[in-house]
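Data first, discussion second: the structure below is written as structure tokens.
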Amino acid sequence: MLSPIEIKKQEFSKTLRGYDPDEVRNFLESISLELEKISEDNRAQQIELEKLKAELSTYSRMEKNMNDAMVSAEKALSNARSESERESDLLRREAKIEAENILRDALNRADEIGQEIQSLETRRNSFVRKWKHMLSSEIEMLCLLEEIDTIPDQFDAEQEHTNAK
432 MLSPIEIKKQ
442 EFSKTLRGYD
452 PDEVRNFLES
462 ISLELEKISE
472 DNRAQQIELE
482 KLKAELSTYS
492 RMEKNMNDAM
502 VSAEKALSNA
512 RSESERESDL
522 LRREAKIEAE
532 NILRDALNRA
542 DEIGQEIQSL
552 ETRRNSFVRK
562 WKHMLSSEIE
572 MLCLLEEIDT
582 IPDQFDAEQE
592 HTNAK
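At position 103 of the sequence shown the residue is numbered 534 (this note's numbering), and the sequence of numbers has no breaks.
Right, here's the structure in full:
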């Protein structure tokens with residue numbers, strides 16, 4: 432590609448019937464100016480293109496990073512969900528086992544309490560029978576004592592009655 436300077440410095444050989452040198456020079460000057468303007472525009476566009484390529488590269492990296500982050504977040508969410516479900520199942524199983532143990536212990540304790548109640552009722556009934564028997568015996572003894580206490584009074588009354596005759 433010709434540069435604007437090469438166009439300006441281009442020399443042509445002269446002939447008798449050739450082109451007007453001033454006209455050629457003016458034309459070459461205008462072509463040189465146009466080419467210079469086009470070259471400057473091209474350089475500016477190249478700079479802009481490089482800038483846009485750099486931005487595109489930055490945005491592409493950002494997009495890749497965002498996609499990677501989304502994939503990582505989805506995996507983390509999936510893992511967290513799986514872990515949560517696993518822990519939930521484990522807790523349910525543990526709670527069920529614990530509830531069964533508590534129920535079994537409560538039933539065993541209820542049986543023990545029932546047996547203790549029966550034992551206490553048997554002991555109470557035995558105690559009541561013994562006390563009734565003992566109290567009955569004591570009442571008989573008291574009745575006998577009363578009778579014995581009335582014997583001297585009867586004896587005295589009989590003696591008074593005999594003495595009075």
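From the three backbone atoms N, C-alpha and C, an ideal C-beta is built for every residue, glycine too.
DSSP three-state assignment for residue i, whether helix, strand or coil
i: L566; result: helix
i: F443; result: coil
i: D580; result: helix
i: D451; result: coil
i: S503; result: helix
i: L433; result: coil
Rounded distance between the beta-carbons of residue j and residue i, thought under 8 Å
i: I438; j: L480; result: About 25 Å separates the two Cβ atoms, so there is no contact after all.
Residue i, buried or exposed, once every other Cβ within 10 Å from all chains shown has been counted against 16
i: S567; result: exposed
i: A463; result: The residue asked about is misnamed: residue 463 is Ser in this sequence, not Ala. By the 10 Å Cβ count, S463 comes out buried.
Same chain, Cβ closer than 6 Å to residue i, neighbours up to 5 away in sequence not counted
i: E505; result: none
Contacts around residue i, its chain only, beta-carbon distance under 8 Å, and the 5 residues preceding and following it disregarded
i: L487; result: none
Sequence-distant residues of the same chain with beta carbon closer than 7 Å to residue i, five excluded per side
i: L459; result: I438, K439, Q441
When you compare the segment 434-454 with the segment 463-477, are there three or more beta-carbon pairs, one atom per stretch, that lie closer than 8 Å? Flag = yes, the segment 434-454 and the segment 463-477 touch.
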